[in-house]
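With this note's numbering applied, the sequence shown corresponds to residues 503 to 1061, in that order.
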Amino acid sequence: MDKALLSRVEKQALFHRYPRSLPFTLLAIGLLITTLFVLNIEQTDTMARKMTLDTDVNALATELERKASENTAYLKAAAALFGMSKDVSHDEFSEFVAEMSTGHSTRGALGMGWTAWVPAGSAPAFEAEQRRLNSDIPFRIYPDTDPMGDKAVISLLAPRTPDNTRALGFDMYSETVRRTAMQQSLNLNRPVGSGRVQLIQDAGKPPVSGVLIFLPVYGRQELGRSVGPLKGFIYTPVRVPELLGTAITGAHRNTGRVAIYDGQPDPARLLAATPGDFNENEFSRAKVDFAGREWTIVVSANRGAGLTRISLLVLGLGTLISLLVMAVAWLVTSRAAEDRKVLEWLTDQAALRTSLTRELNHRVKNTLANVLSIVALTRRRTRDIDEFADGLSGRLRALSATHDILSQREWTNALVADVVQSELAPYLDPEDPHAEIAGPDALLAPNDAMSLGLALHELATNAAKYGALSVPDGKVSVTWDIISPDRLSVSWREHGGPPVIAPTRRGFGLELIEKIVSQELDAPVDLSFDSNGVTCKLVVPLRSPREFTIRTGPIPTPA
């Protein structure tokens, strides 16, 4: 048989064995193809979202750097004004800011301010001078943490809003983050952004992250270098959430949650973030140089867990089509399976009838052989017809009792206890018992059960005639125990009977036990005629016979 024909035969055998496998196989194939399509769509969508996130984060980073450049450009222009002028009044500064830096809100800034450098010990004179120049404002320097130390005091701030006016007189040098940024700007002589602070304009309000951009101003410029004494710092205050909002608007991006961190992404370094939850699976980040300070901007997708709409559509259609194909295949295979089932049932019934005939023939022959053997041996060992009839009928009844037990268990096996009870039933009266039986549950093959039953019958008959069961006080004890996985020991013991005298003539019972039973059980029989009572030990094999179960049920009919 070639390989192609062998493969086709194997497939047909598999189909006949599992007729419902084809519909489920088609369903599985359909669902697998649908899943592959959905995975491909999701992968493509993920790549597209990743590209969008990369584009968005780069656009926002560029926009933030552009706004930082705008702020620093205005600061440099204001620094030139203060470097060339000895004194700048509130009106002049406000007019300059109005002309040079219109649209503070587009840069996230609250305006522009001037922080005058006040050397140690000059604070009282500076306060008096500011009160003279700004008689409408009760100017004072605060906080008064170091009265005799250097100070950097806010003296000008435009536009003159109520929040900005509140910041006049604040000593920038008294706060660590601001002082650090000013010292860095002095060392680098260029605009430098500070770390996160709470702006003086927002004092008493809910905390809002703010930063400051400082640029030092000296007495004069020579050959592009700042020389002369330090006059102060021109600076701009920035609310980071507002700066982020203007950057998002300027970049025309709104793909997900945007967060800005001062340095590395860390919840403790968060400056501002848009509403929403951070998506750990889909995000992109970029570095931002904001006035010489490194920021990190992180944009994460706002898409929640689950499939996209097109994936859900493909999944639904694919599942529906797969179920329809499965339904059609189910109808076709159901009809074929029913026809096949009827054919197999008819074949099984024919085989069952043949097996039943063979089994019946075999059992009848075995039973007839046992009966003929019992008849022949009984005839040779008896002297008259009455003795022959009694012996033969008792042995046939013993054989019949074991047959009944096996018939009840469909000739598969028999319990040792059932065999013993059937042979000693007349002596097991609960009110006046003359026999005791005990032992674990154990199963015997049919032939072994019949041999044990015949042996027990002969022992009981002998005990009833000559032994312990022939007197009122006599008793018989039958015990059994499993001595190995395939061996069972059965012990017969008589006590309380008349003295035992060993027989001088070997009757059929003795020969049946010592020869026939021993041969059938394939084990020696230890029979002893002790003066206190007869004892007998049998070793019975524990076998696992092939079960023969007659199947029943209605005749299948085609659908």
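Using N, Cα and C, we set each Cβ at its ideal position, and we do this for glycine too. The structure displayed is predicted, hence computed values, not measured ones.
Apply the 10 Å Cβ neighbour rule to residue 973 and answer buried if 16 or more other Cβ atoms are within range, or exposed otherwise. exposed
So, for residue 464: in the same chain, excluding its five sequence neighbours on each side, which residues have a beta-carbon less than 8 Å away from its beta-carbon? Residue numbering for the chain in the displayed model covers 503 to 1061; residue 464 lies beyond these limits and cannot be assessed.
Quick test of your reading: residue 737 and residue 615, contact by CB under 8 Å. State the CB separation rounded to the nearest angstrom. So it is a contact: roughly 5 Å between Cβ atoms.
Residue range of the alpha helix (DSSP H) that residue 919 falls in? Looking at the DSSP string, the run of the alpha helix (DSSP H) that includes residue 919 is 918-925.
Using 10 angstroms around the beta-carbon of residue 715, count the other beta-carbons present and answer buried if the total reaches 16, otherwise exposed. buried
Is residue 702 closer than 8 Å to residue 672 when the C-beta atoms are compared? yes
Give me the Cβ distance between residue 953 and residue 1041, rounded to the nearest whole Å; I'm assuming they're in contact under 8 Å. Between residue 1041 and residue 953 the Cβ distance is about 12 Å, and since that is not below 8 Å, they are no contact.
Should residue 532 and residue 824 be called a contact, given that it needs their Cβ atoms to be closer than 8 Å? yes
The stretch 595-603 / the stretch 625-639 touching (three or more Cβ pairs under 8 Å): No, the stretch 595-603 does not touch the stretch 625-639.
Mapping DSSP to helix, strand and coil, what is residue 672? strand
Report the residue from 795, 797, 749 and 789 whose alpha carbon sits nearest the alpha carbon of residue 776. 749
Quick one: give me the first and last residue of the beta strand (DSSP E) that residue 759 is part of. Note, residue 759: beta strand (DSSP E), 758-764.
Spatial neighbours of residue 524 within its chain, please: C-beta separation below 6 Å, excluding the five flanking residues on both sides. Contacts found: 831 and 835.
Do residue 683 and residue 695 come within 8 Å of each other at the CB atom, strictly closer than that value? Residue 683 sits close to residue 695, with the two beta carbons spaced by under 8 Å.
Where does residue 776 fall in DSSP's three states? coil
Keeping to the same chain, check which residues put their C-beta closer than 6 Å to that of residue 681; ignore five residues upstream and five downstream. 675
Report the residue from 781, 647 and 613 whose alpha carbon sits nearest the alpha carbon of residue 745. 613
Could you check how far apart the C-beta atoms of residue 980 and residue 1002 are, in whole angstroms? I think they sit under 8 Å. Going by Cβ atoms, the distance from residue 980 to residue 1002 rounds to 17 Å, so no, they are not a contact pair.
C-alpha gap between residue 941 and residue 844, whole angstroms: Between residue 941 and residue 844, the C-alpha separation is close to 48 Å.
Just grab the DSSP bridge partners of residue 799 for me. 762 and 788
Closest to residue 917 by CA distance: which of 820, 949, 887 and 797 is it? The shortest C-alpha to C-alpha distance from residue 917 to any of 820, 949, 887 and 797 is the one to 949.
From which residue to which residue does the alpha helix (DSSP H) around residue 995 run? That residue, residue 995, is in no alpha helix (DSSP H); its beta strand (DSSP E) goes 989-997.
Quick one: residues in its chain with C-beta nearer than 8 Å to the C-beta of residue 540, no 5 flanking neighbours on either side, listed in chain order? 809, 813, 816, 817 and 820
Buried or exposed, going by whether 16 or more other CB atoms sit within 10 Å of the CB of residue 625? With a threshold of 16 other beta carbon atoms within 10 Å, residue 625 meets it and is buried.
Leaving out the 5 sequence neighbours to the left and right, which residues in its chain are closer than 7 Å to residue 975 when beta-carbon positions are compared? The residues are 998.
Residue 955 (DSSP reduced to helix, strand or coil): If DSSP states are grouped into helix, strand and coil, residue 955 belongs with the helices.
Using only alpha-carbon positions, find the residue among 936, 957 and 935 that is nearest to residue 921. 957
Let me know if residue 623 comes out buried or exposed under the rule of 16 or more other beta-carbons within 10 Å of its beta-carbon. Residue 623 should be labelled exposed.
Going by alpha carbons, who is nearest to residue 779 out of 990, 797 and 804? 804
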